[in-house]
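*Asks:*
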Amino acid sequence: MFVQHPLDSIHPQARQAAEASLCAAKQGAEAFWAMHERLFETASEWSGQEDLTERFKGYATELGLDTDAFVACLESGETAAQVQAEYERGEAAGVRGVPAFFINDWFVSGAQPFEVFQQVIEAALRGEHPTPTPTPVPIFDPDPERPGYTYGGDAFRGSEEAEIVLVEFVDFQSPENREHFLEEWPELEKEYVEPGKLRLIVKHFPAADHTQGFEAAAAAECAGQQGAFWPMHDLLFQRQEDWSQADDIPATLKGYAAELGLDVDAFAACLDEGQTAEKVMEDFLIAQQNQFPPAPQFFIFKGRQGRHVPLDQLQQVIEQFLAQ
């Protein structure tokens with residue numbers, strides 16, 4: 016069974032694509048799967064575009080569908096309710112990102128390797144059931160001798176030789192995150208990061224209903240492609256009230272890129288094409304699968320030892336780790 020779950024905050028055109036696939040389905044199961052495959056094959060063509068009706072109409076024509084019936088369905092919005100109902104069904108089942116799979120009562124989140132599906136299917140065939148508590152997902156590899164110590168290009172502040180590593184999950188739209196960054200972080204940075212005692216690594220965890228927060232996170236990563244993650248990071252917190260309430264958030268974010276002296280065309284292409292959306296979602300899924308409370312969340316590591324740190328104990332725990 017295939018269920019629609021468009022992530023509007025990251026892929027604004029996904030919902031209309033979902034509706035298009037269901038309009039094709041009205042002409043038969045084969046038409047649905049043909050449109051399904053075509054939409055994935057051509058995602059780079061329609062993602063980020065404003066009016067998709069003509070483009071999807073072209074796909075329907077190429078696939079030999081009744082084009083008039085397909086367009087009438089798409090323009091009437093008659094499949095919109097089904098898409099929303101399927102989305103809500105996924106939300107109720109705990110889906111926060113895609114792809115997501117249910118194999119009997121087993122839940123597999125993300126694009127997992129073949130071996131994971133094989134193990135789950137075999138367990139389901141044996142009549143086994145998952146444990147109620149999901150297995151925690153690794154946050155960070157704290158062993159500098161292993162590849163991936165910087166965890167796939169996460170933005171960081173501080174020396175790579177620092178004794179301890181602090182991993183922070185941030186939400187640019189969170190007032191609590193903003194307050195911490197403006198009022199508490201400067202002192203911690205001066206005390207621990209600048210002298211090379213601590214290295215800060217940032218991951219993204221916007222609240223599920225913080226649509227603008229996902230866009231802001233993607234913008235920070237797009238700026239990071241030009242070596243400007245931290246200037247954008249700082250500006251996003253400083254101007255949180257402005258961009259989070261803007262009528263045209265992408266335009267506002269592109270204005271920040273210009274203000275920071277970035278290549279605006281390259282930044283705009285990155286943002287419009289969703290080039291960094293996957294990175295943001297990967298971070299989000301780590302936090303979501305580990306059932307973290309809302310951001311900001313902190314995890315401190317020294318060698319292989321690590322622990323979660325409440326915000327109000329952050330400095331105290333840093334001192335404890337440095338003293339070990």
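Counting with the numbering used here, you get residues 16 to 339 for the letters of the sequence shown.
Note that beta-carbon positions come from the ideal geometry of N, C-alpha and C, so glycine has one too.
In this text, all values refer to a predicted model and were calculated from it rather than measured experimentally.
1. Which residue marks the beginning of the alpha helix (DSSP H) containing V110, and which one marks its end?
2. Which residues bound the beta strand (DSSP E) around Q320?
3. Nearest to A95 by CA position, among L181, H219, R30, is which residue?
4. Please list the terminal residues of the continuous beta strand (DSSP E) segment that includes I216.
5. Taking K317 as part of the beta strand (DSSP E), name the residues at either end of that continuous run.
6. Could you tell me if L197 is buried or exposed, where buried requires 16 or more neighbouring beta carbons within 10 angstroms of its beta carbon?
7. Relative to the C-alpha of L37, which candidate in V98, E60, L251, G318 has its C-alpha closest?
8. Just to confirm, are L326 and H219 a CB contact at a threshold of 8 Å?
9. Do you know offhand how far L275's Cα is from D83's?
10. Spatial neighbours of T68 within its chain, please: C-beta separation below 8 Å, excluding the five flanking residues on both sides.
11. Got a sec, what are the start and stop residues for the beta strand (DSSP E) S36 sits in?
12. For D287 and G63, I'd like the C-alpha separation in whole angstroms.
13. Label D120 either buried or exposed according to how many other C-beta atoms from any shown protein chain fall within 10 Å of its C-beta, with 16 as the threshold for buried.
14. Nearest to A39 by CA position, among Q28, L213, Y74, is which residue?
15. Please classify P159: is it buried, with 16 or more other beta-carbons within 10 angstroms of its beta-carbon, or exposed?
16. First and last residue of the alpha helix (DSSP H) that includes F229?
17. Mind checking which residues open and close the alpha helix (DSSP H) that includes E56?
*Replies:* Per the coordinate set shown:
1. For this step, residue 110 is matched to residue 95 along the sequence shown. Per DSSP, V110 belongs to no alpha helix (DSSP H) and is neither H nor E.
2. Against the sequence shown, residue 320 aligns to sequence position 305. Where Q320 is concerned, the enclosing beta strand (DSSP E) stretches over 320-324.
3. Walking along the sequence shown from the start, residue 95 turns up at place 80. Out of L181, H219, R30, R30 has the C-alpha closest to the C-alpha of A95.
4. Residue numbering aside, residue 216 sits at position 201 when the sequence shown is read from its first letter. First-last of the beta strand (DSSP E) with I216: 213-219.
5. As a working note, residue 317 is residue 302 in the sequence shown. K317 -> beta strand (DSSP E) spans 312-317.
6. Translated into the one-based positions of the sequence shown, residue 197 becomes position 182. Result: exposed.
7. Along the sequence shown, read from residue 1 onward, the residue named residue 37 stands at position 22. Answer by Cα proximity: V98.
8. Residue mapping note: residue 326 aligns to position 311 of the sequence shown, counting from 1. Residue mapping note: residue 219 aligns to position 204 of the sequence shown, counting from 1. Cβ distance not < 8 Å, so L326 and H219 don't count as in contact.
9. Here residue 275 corresponds to residue number 260 of the sequence shown, with the count starting at 1. Here residue 83 corresponds to residue number 68 of the sequence shown, with the count starting at 1. The straight-line gap from Cα to Cα measures roughly 48 Å.
10. Locating residue 68 in the sequence shown gives position 53, counting from the first residue. So the qualifying residues of the chain are V86, L89, E90.
11. Within the sequence shown, residue 36 is the residue found at index 21, counting from 1. Not the beta strand (DSSP E): S36 falls in the alpha helix (DSSP H), residues 29-40.
12. Residue 287 sits at position 272 when you count from the first residue of the sequence shown. Residue 63 sits at position 48 when you count from the first residue of the sequence shown. Spanning the two alpha carbons is a distance of roughly 5 Å.
13. Walking along the sequence shown from the start, residue 120 turns up at place 105. So D120 counts as exposed.
14. Here the question's residue 39 lines up with position 24 in the sequence shown. Measuring from the Cα of A39, the nearest candidate turns out to be Y74.
15. Residue 159 sits at position 144 when you count from the first residue of the sequence shown. Reliability fails at P159, whose pLDDT of 46 lies under 50, so the model's placement of it is uncertain and the value that follows must be treated cautiously. Looking at its Cβ environment, which holds fewer than 16 other Cβ atoms inside 10 Å, P159 is exposed.
16. Here residue 229 refers to the residue found at position 214 of the sequence shown. Taken as a continuous stretch (DSSP letters only), the alpha helix (DSSP H) holding F229 covers 226-239.
17. By 1-based counting over the sequence shown, the position of residue 56 is 41. Unbroken alpha helix (DSSP H) run through E56: 44-56.
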